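Accompanying notes for the structure given below.
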Amino acid sequence: MPELPEVESVRRKLSRWTTGARLVSAVASDRRIVRGSLSAFAKLEGRTFRSFERRGKWLRIGFGENQYLYSHLGMTGDWELEGEERFERARFEIVKKKKKNVLRYTDPRRWGVLALAGEDFPPWAALGPDPLHDGIDIDRLEKKLSVRAKKSVKEVIMEQKVLAGIGNIQAIESLWKAHIHPKRKAASIEHEEVVALVKAIEWSIARTLADLELGDAGKDNPFKIYGNAGRPCPRCKTILQRFELGGRTTTACATCQPLAKVKPSRTKPSAKRAKTSAPQRRRSRR
DNA sequence: ACCAATGTTGACAG
DNA sequence: ACTGTCAACATTGG
Ligand SMILES: [Zn+2]
Numbered sequence: 084m085p086e087l088p089e090v091e092s093v094r095r096k097l098s099r100w101t102t103g104a105r106l107v108s109a110v111a112s113d114r115r116i117v118r119g120s121l122s123a124f125a126k127l128e129g130r131t132f133r134s135f136e137r138r139g140k141w142l143r144i145g146f147g148e149n150q151y152l153y154s155h156l157g158m159t160g161d162w163e164l165e166g167e168e169r170f171e172r173a174r175f176e177i178v179k180k181k182k183k184n185v186l187r188y189t190d191p192r193r194w195g196v197l198a199l200a201g202e203d204f205p206p207w208a209a210l211g212p213d214p215l216h217d218g219i220d221i222d223r224l225e226k227k228l229s230v231r232a233k234k235s236v237k238e239v240i241m242e243q244k245v246l247a248g249i250g251n252i253q254a255i256e257s258l259w260k261a262h263i264h265p266k267r268k269a270a271s272i273e274h275e276e277v278v279a280l281v282k283a284i285e286w287s288i289a290r291t292l293a294d295l296e297l298g299d300a301g302k303d304n305p306f307k308i309y310g311n312a313g314r315p316c317p318r319c320k321t322i323l324q325r326f327e328l329g330g331r332t333t334t335a336c337a338t339c340q341p342l343a344k345v346k347p348s349r350t351k352p353s354a355k356r357a358k359t360s361a362p363q364r365r366r367s368r369r
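Structural data, given as structure tokens:
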């Protein structure tokens with residue numbers, strides 16, 4: 084469930100469900116997920132859900148008096164009202180307008196995090212600007228990219244202090260939209276490309292979020308190229324490639340997202356041929 | 001039965 | 001000190 088759009092969607096439903104609700108009981112006993120003391124959760128009992136914020140992939144629920152419940156969904160975390168007990172990792176009984184409900188944090192893989200803290204929480208403080216909440220500062224991004232001569236543009240935009248909330252899917256989709264190959268060195272991205280990338284990130288986040296807001300009506304794979312390696316590029320019909328980059332499976336179109344510059348410059352010697360990627364390897368347990 | 005999965009972090013080698 | 005590469009985490013669903 085976890086990139087910026089998914090987390091934003093969770094934030095919205097939490098706000099819908101629990102604004103003004105009173106927390107009757109809070110039980111979180113999974114040591115892998117809960118950071119800090121388990122008993123601290125009892126301190127929240129009796130308090131009221133007041134605010135719902137998101138920064139990147141982090142959520143925080145405010146209970147007043149500088150008490151926040153921070154939540155990171157890891158790879159498979161989600162919040163549900165009622166629903167199945169199967170993947171429940173934390174349970175919150177709430178009362179809103181006399182109605183009692185169970186709010187669950189579910190997380191099969193248990194890579195998520197729950198933490199109680201005040202407004203100063205290091206993982207939250209460490210996040211860069213959130214594209215949806217703060218917008219993207221083109222000059223700042225250009226600077227961040229220009230300094231990274233060795234890393235690929237995809238890896239850099241996925242760093243949470245560069246842009247909070249961009250994950251594998253959003254990176255793949257936006258780079259495709261901006262016609263930028265994910266393996267390009269971050270520092271090689273030119274000004275106009277940064278401008279295009281910023282637009283593309285906004286485009287991808289907006290359409291993913293819109294799709295999520297449709298609820299179950301949404302299709303299985305609403306993405307343009309993520310998860311579609313081996314199928315034709317929606318723009319040019321070239322078969323989409325799949326490769327690993329920075330330990331993450333990546334999809335790209337070799338035609339729309341050239342690795343080597345294709346600028347038709349008859350005066351200059353021909354551009355170097357793009358390196359052909361090694362025959363598909365497989366591995367990764369992410 | 002096998003493989004891949006929307007994330008993050010820490011170890012290690014160069 | 002920096003950089004890149006792996007592995008690990010834990011579990012499910014196709
Ligand atoms: Zn294409």
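Offset between the first sequence (1-based) and the working numbering: plus 83.
Here a beta-carbon is modelled for each residue, glycine too, at the ideal position from N, C-alpha and C.
These figures come from a predicted structure and were not determined experimentally.
Alpha-carbon spacing of residue i relative to residue j, whole angstroms
{"i": "A149", "j": "C316", "result": "Before going on, a small fix: residue 149 reads as Asn here, not Ala. Near 49 Å, if we compare the C-alpha coordinates of C316 and N149."}
{"i": "W194", "j": "M84", "result": "12 Å"}
{"i": "E91", "j": "H155", "result": "12 Å"}
{"i": "F146", "j": "G129", "result": "10 Å"}
{"i": "I288", "j": "R314", "result": "23 Å"}
{"i": "G310", "j": "T334", "result": "7 Å"}
{"i": "V117", "j": "T338", "result": "46 Å"}
{"i": "G160", "j": "D190", "result": "4 Å"}
{"i": "S271", "j": "E225", "result": "10 Å"}
{"i": "E376", "j": "T101", "result": "Absent from the structure is residue 376, since the part of the chain shown begins at 84 and ends at 369."}
{"i": "K96", "j": "I284", "result": "23 Å"}
{"i": "K179", "j": "G103", "result": "7 Å"}
{"i": "P362", "j": "K282", "result": "Because the pLDDT at P362 is just 34, under 50, the model does not fix this residue reliably, and the value given afterwards should be weighed accordingly. Using only the alpha carbons, I get a separation of about 33 Å."}
{"i": "P205", "j": "I322", "result": "43 Å"}
{"i": "R169", "j": "A232", "result": "46 Å"}
{"i": "E136", "j": "W207", "result": "11 Å"}
{"i": "K307", "j": "A254", "result": "12 Å"}
Residue burial classification, residue i (beta-carbon count within 10 angstroms, cutoff 16)
{"i": "K74", "result": "This structure cannot settle anything about residue 74, because the visible part of the chain is limited to 84 through 369."}
{"i": "K244", "result": "exposed"}
{"i": "V277", "result": "buried"}
{"i": "P265", "result": "buried"}
{"i": "P352", "result": "Confidence in P352 is poor, its pLDDT being 42 and thus under 50, which makes the residue's placement unreliable; the coordinate value appears in the next sentence. Looking at its Cβ environment, which holds fewer than 16 other Cβ atoms inside 10 Å, P352 is exposed."}
{"i": "E89", "result": "buried"}
{"i": "E167", "result": "exposed"}
{"i": "G248", "result": "buried"}
{"i": "E86", "result": "buried"}
{"i": "D213", "result": "buried"}
{"i": "S122", "result": "exposed"}
Which listed residue (the options) has its alpha carbon closest to that of residue i
{"i": "K237", "options": "L280, R137, A125", "result": "L280"}
{"i": "L199", "options": "K182, A247, R231, A109", "result": "A109"}
{"i": "Q340", "options": "T291, S257, L295, S134", "result": "S257"}
{"i": "R105", "options": "D113, Q324, N251, K126", "result": "K126"}
{"i": "R99", "options": "S134, R223, I284, A111", "result": "S134"}
{"i": "N184", "options": "G201, E168, S235, L164", "result": "L164"}
{"i": "L142", "options": "S120, I221, Y188, R172", "result": "Y188"}
{"i": "I263", "options": "A173, I240, L246, G248", "result": "I240"}
{"i": "L197", "options": "A173, L215, I249", "result": "A173"}
{"i": "R192", "options": "A247, V93, G157, G211", "result": "G157"}
{"i": "Y153", "options": "I221, F124, K181", "result": "F124"}
Cross-strand partners of residue i (DSSP beta bridge)
{"i": "T333", "result": "F326"}
{"i": "R143", "result": "E136, Y153"}
{"i": "F175", "result": "A109, L186"}
{"i": "K268", "result": "S235"}
{"i": "G161", "result": "A small correction: the amino acid at residue 161 is Asp; Gly does not occupy that position in the sequence shown. According to DSSP, which records beta bridges pairwise, D161 is partnered with T189."}
{"i": "P315", "result": "I322"}
As an exercise, report each continuous alpha helix (DSSP H) stretch of at least 4 residues that is fully enclosed by the stretch 240-266, in chain order.
For the stretch 240-266, whole alpha helix (DSSP H) runs of length 4 or above, ordered along the chain, are 251-260.
List, from N- to C-terminal side, the beta strand (DSSP E) runs of 3 residues or more that fit wholly inside the stretch 177-218.
Whole beta strand (DSSP E) segments, 3+ residues: 182-189, 196-200.
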